[in-house]
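Notes follow the structure.
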Amino acid sequence: MISLRKQLGRRVLLKIYKKSGLSGPVQKGLPAEEKPLEWWQQSVVYQIYPRSFQDSDGDGVGDINGITSKILYFVRLGIDAIWISPVYESPMKDFGYDISNFTNIDPTFGTLEDFAKMAQEFKNYGIKVIMDMDPKGNDSEGKPIPPNNWVSFWLDTGVYGFRMDAVPHMFEDQRFLDEPENPWRDPEAKPDEHRYYDHIYTISLPGVLDFLADVRRLLDVYTKSDGQVRCMMVEAAVPDDKIMSYYGTKDRPIAHFPFNFHLLGVRPENNAKDVLNLINIWYDLMPEGEWPTFLIGNHDNKRAATRWTENGVDGANMINLILKGTAVTYYGEELDKVLAFTRTPVEGSFDSGYLVLVNLSEDTVTVDASVLNGVPAIGYPIIRSVGYHDSRVIVGGVIYTPESQALNSDKVLAFARIPSQESNATGYVVLVNLSDDQVSVNSGVFTGIPSIGTVHIRSVDFHNGDAVIGGSINLTSVLLGPRDSIVIVFTPTF
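Position 262 (the sequence shown) corresponds to 242 in this note's numbering; numbering is contiguous.
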């Protein structure tokens, strides 16, 4: 299969459909790329929470060797990089984010030798390991940990980058001043609550960006040594106008990308216009020349299926995987599970409480029938078919949105990835019904889209039985049932 990053190039169409009609698109932002993309731009990053991923020795706790044992699953899934939540030595009062030794592995998860072996094994298969790091993550006993070349230690051990955790909280005012009351606080906030105060002395102090810029300089030294980019992802829960500063500047780059959490805010009651607005926040604010990112789940939130609905999560995966940008996916999201919290094992699909993927094949994975009634988990074929190495890696493009008068477009979120005028290139249309209604969608309004396409992948329990994977479909009248989603391929008519 030809890589879709090679097939698709220069145009992205993003549009909301309303039941009664459509408006013409207006071009926005995101110029096409002028240089080859780096691995971190072409990858989808798969986050692993080690404690609840895979237990290799039967002690009831996931571990590093358990991760290594699933390497063929990652290969078949097409994963290019894994991001591993903390495995450092820790009292485990905060599940590993309270770090007592930044240069060793906690015995709960294995040994330093296990980690080095894992990093090498993944490298052998072309998969890069990214490590979680909380620079302020002192343990619960409050023992100071002097800096001691932590970053270079792990780079030398074989990691290809870091996800820097909670970076706005790294520094505090050395005068230990009391925080002032927040004049915009919730009226229900109480003086003993964090939200009661304006945290001007403990959040986003100037030294944060300086520190991260220093880390980036070190990463770039390693990059120049062998030509392999060392990547830094940054978590910063700050307002949108401030998050963009974490990209840095051309003269002083910082993060390769800060995390974009907007799609974590989607709820079942949100419509397509709401989701489109969340998507466009990042595209509109992102500095020129920088790279976007999307994610629909992580270790701090309920499962995507809980927030997008169990039937709607397939569409969420499609959106996350096919929008321009680096997609980050949390382990188990490909199984379409609804869980209250994500630091727990995926119930029903684990052996001894930990993840075991049953009936793994090149095309699908089926978990316990008591969980999915024997139906293949859609996320797996989506990641395979829309997916990573072969099809997920889509680049380039300009975002198009509806004209401002396109109100009440609240049923279906639709966008297309269309190549520039290349012969025999393949375009992709994504249609996601965010409503509980049946709708008929005319995706032929997009420039260059013919009247007939081919069904590439569809959501589980797709209501229209005539839409068969690999079969033809009329792009001018695609019938979507409640929460249905579909990806259609076509040859453009330029």
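Quick reminder that beta carbons are idealized off the backbone N, C-alpha and C, glycines included.
Please classify Phe442: is it buried, with 16 or more other beta-carbons within 10 angstroms of its beta-carbon, or exposed?
On the sequence shown, position 462 is the one that residue 442 refers to. Here Phe442 is buried, its C-beta having at least 16 other C-beta atoms within 10 Å.
Same chain, Cβ closer than 7 Å to Arg287, five either side skipped, listed in chain order
Mapped onto the sequence shown, residue 287 falls at position 307. Correct list, in chain order: Val246 and Arg247.
Hey, Val67 and Phe89 are a contact pair by Cβ (cut 8 Å); roughly how many whole angstroms apart?
For this step, residue 67 is matched to residue 87 along the sequence shown. For this step, residue 89 is matched to residue 109 along the sequence shown. The pair is a contact, with the Cβ atoms about 4 Å apart (cut-off 8 Å).
Let's test the definition: count the other Cβ atoms within 10 Å of the Cβ of His149 and tell me whether it reaches 16, buried, or not, exposed.
Your numbering for residue 149 matches position 169 in the sequence shown. By the 10 Å Cβ count, His149 comes out buried.
Please say whether Asp60 and Ser23 have beta carbons closer to each other than 7 Å?
Taking the first residue of the sequence shown as 1, we reach residue 23 at position 43. Taking the first residue of the sequence shown as 1, we reach residue 60 at position 80. Yes.
Taking the runs of the alpha helix (DSSP H) that are 4 residues or longer, which of them lie wholly in the region 211 to 245?
Those alpha helix (DSSP H) runs which fall completely within the region 211 to 245 and span 4+ residues are 220 to 223.
If we ignore side chains and look at the alpha-carbon of each, how far apart do Gly269 and Ala296 end up?
One-based indexing of the sequence shown puts residue 269 at position 289. One-based indexing of the sequence shown puts residue 296 at position 316. Rounded to the nearest whole angstrom, the CA to CA distance from Gly269 to Ala296 is 26 Å.
Only counting the same chain, and skipping five residues up and downstream in sequence, which positions put a Cβ closer than 8 Å to that of Gly187?
Reading the sequence shown from its first residue, position 207 is the one you call residue 187. Residues Met150 and Phe151 of the same chain have their beta carbon placed closer than 8 Å to that of Gly187, with the five preceding and five following residues left out of the count.
Going straight from the alpha carbon of Ser457 to that of Gly407, what length do you get?
Here the question's residue 457 lines up with position 477 in the sequence shown. Here the question's residue 407 lines up with position 427 in the sequence shown. If I take the Cα positions, the gap works out to 18 Å.
Cβ-based burial, Ala252 [other Cβ within 10 Å; buried from 16]:
Translated into the one-based positions of the sequence shown, residue 252 becomes position 272. Buried, since its Cβ has 16 or more Cβ neighbours within 10 Å.
Rounded C-beta distance between Lys391 and Ser415? I'm assuming under 8 Å.
Residue numbering aside, residue 391 sits at position 411 when the sequence shown is read from its first letter. Residue numbering aside, residue 415 sits at position 435 when the sequence shown is read from its first letter. About 5 Å; that satisfies the 8 Å criterion.
Taking all protein chains shown into account, decide if Tyr475 is buried (16 or more other Cβ within 10 angstroms of its Cβ) or exposed.
Missing from the structure shown is residue 475; the chain here goes from -19 to 474 and no further.
Starting from the N-terminal side, write out each stretch of the alpha helix (DSSP H) that is 4 residues or longer and does not extend beyond the region 75 to 161.
Counting only unbroken stretches of 4 or more residues, the alpha helix (DSSP H) elements lying wholly within the region 75 to 161 are 92 to 104 and 130 to 137, in sequence order.
Which of helix, strand or coil does DSSP assign to Ser423?
As a working note, residue 423 is residue 443 in the sequence shown. Note: Ser423 maps to helix in three-state DSSP.
Sort out for me which residues DSSP pairs Trp63 with in a bridge.
Here residue 63 refers to the residue found at position 83 when the sequence shown is read from its first residue. Beta-bridge analysis with DSSP links Trp63 to Gln27 and Ile110.
What is the DSSP secondary structure of Thr273, counted as helix, strand or coil?
Numbered from its first residue, the sequence shown carries residue 273 at position 293. Strand at Thr273.
Nearest-angstrom Cα distance between Ile468 and Leu303?
Residue mapping note: residue 468 aligns to position 488 of the sequence shown, counting from 1. Residue mapping note: residue 303 aligns to position 323 of the sequence shown, counting from 1. Ile468 and Leu303 have their alpha carbons spaced roughly 15 Å apart.
Using 8 Å for Cβ pairs, my map puts Ala394 next to Val421. What's the rounded Cβ distance?
Looking up residue 394 in the sequence shown gives position 414. Looking up residue 421 in the sequence shown gives position 441. Their Cβ separation, rounded to whole angstroms, is 7 Å, which keeps Ala394 and Val421 in contact under 8 Å.
Range covered by the alpha helix (DSSP H) that runs through Asn260
Here residue 260 corresponds to residue number 280 of the sequence shown, with the count starting at 1. Asn260 -> alpha helix (DSSP H) spans Ala252 to Leu265.
Secondary structure at Arg397, three-state DSSP: helix, strand or coil?
For the purposes of this step, residue 397 is taken as residue 417 along the sequence shown, with counting starting at 1. Arg397 falls in the strand class under three-state DSSP.
Would you check if the region 211 to 225 and the region 168 to 179 touch, i.e. whether three or more CB-CB distances between them fall below 8 Å?
Counting C-beta pairs with one atom in each stretch, the region 168 to 179 and the region 211 to 225 have fewer than three that are closer than 8 Å, which means they do not touch.
Only counting the same chain, and skipping five residues up and downstream in sequence, which positions put a Cβ closer than 6 Å to that of Val308?
What you label residue 308 is simply residue 328 of the sequence shown in a count that begins at 1. For Val308, where only same-chain residues beyond five positions count, the Cβ hits under 6 Å are Val25 and Leu275.
Does Ser184 pass the burial test, meaning 16 or more other C-beta atoms within 10 Å, or should it be called exposed?
As a working note, residue 184 is residue 204 in the sequence shown. Under this definition Ser184 is a buried residue.
Measure the alpha-carbon distance for Asp417 versus Leu256 and round it to whole angstroms.
Taking the sequence shown and counting its residues from 1, the one referred to as residue 417 is at position 437. Taking the sequence shown and counting its residues from 1, the one referred to as residue 256 is at position 276. When rounded, the distance between both Cα atoms is 19 Å.
In angstroms with no decimal places, state the Cα-to-Cα distance between Gly461 and Ser439.
Position 481 of the sequence shown, counted from the start, is the residue given in the question as residue 461. Position 459 of the sequence shown, counted from the start, is the residue given in the question as residue 439. Put simply, the backbone Cα of Gly461 is about 11 Å away from that of Ser439.
Out of Leu92, Gly138 and Asn260, point me to the one whose CA is closest to Cys211's CA.
Counting from one through the sequence shown, the residue named residue 211 turns up at place 231. That would be Gly138, whose Cα lies nearest to the Cα of Cys211.
For Pro472, count the other beta carbons within 10 Å of its own beta carbon; 16 or more makes it buried, fewer makes it exposed. Which is it?
Your numbering for residue 472 matches position 492 in the sequence shown. That one is buried.
For Ser452, count neighbouring Cβ atoms within 10 angstroms of its own Cβ and tell me buried if that reaches 16, exposed if not.
Taking the sequence shown and counting its residues from 1, one reaches residue 452 at position 472. Here Ser452 is exposed: its Cβ has fewer than 16 other Cβ atoms, across all protein chains shown, within 10 Å.
Return the residue from the list Val409, Pro16 and Ala285 that minimises the CA-CA distance to Arg463.
Position 483 of the sequence shown, counted from the first residue, corresponds to residue 463. Each of Val409, Pro16 and Ala285 was checked against the Cα of Arg463, and the nearest Cα belongs to Ala285.
In terms of DSSP beta bridges, what is Ile437 paired with?
Locating residue 437 in the sequence shown gives position 457, counting from the first residue. According to DSSP, Ile437 bridges with Val467.
Could you check the C-alpha separation between Thr434 and Gly450 for me, to the nearest Å?
Counted from its first residue, the sequence shown places residue 434 at position 454. Counted from its first residue, the sequence shown places residue 450 at position 470. Whole-angstrom Cα-Cα distance: 6 Å.
Can you look up Thr289 in the DSSP assignment and give me helix, strand or coil?
Taking the first residue of the sequence shown as position 1, residue 289 is located at position 309. Coil, per DSSP.
Tell me which same chain residues have a C-beta within less than 8 Å of the C-beta of Ile47, skipping the five on either side of it?
Against the sequence shown, residue 47 aligns to sequence position 67. Excluding positions up to five away in sequence, the list reads Ile28, Pro30, Phe33, Gln34, Ile62, Ile64 and Met98.
Between the C-alpha atoms of Phe241 and Asn81, what's the straight-line distance to the nearest angstrom?
Your numbering for residue 241 matches position 261 in the sequence shown. Your numbering for residue 81 matches position 101 in the sequence shown. One C-alpha to the other measures close to 29 Å.
Run through the DSSP bridge pairs and tell me what Asn413 is partnered with.
In the sequence shown, counting from the first residue as 1, residue 413 sits at position 433. As computed with DSSP, Asn413 is found in a beta bridge with Val392.
Note down the Cα distance separating Ala169 from Lys282, rounded to an integer number of angstroms.
By 1-based counting over the sequence shown, the position of residue 169 is 189. By 1-based counting over the sequence shown, the position of residue 282 is 302. Going from the Cα of Ala169 to the Cα of Lys282 covers about 24 Å.
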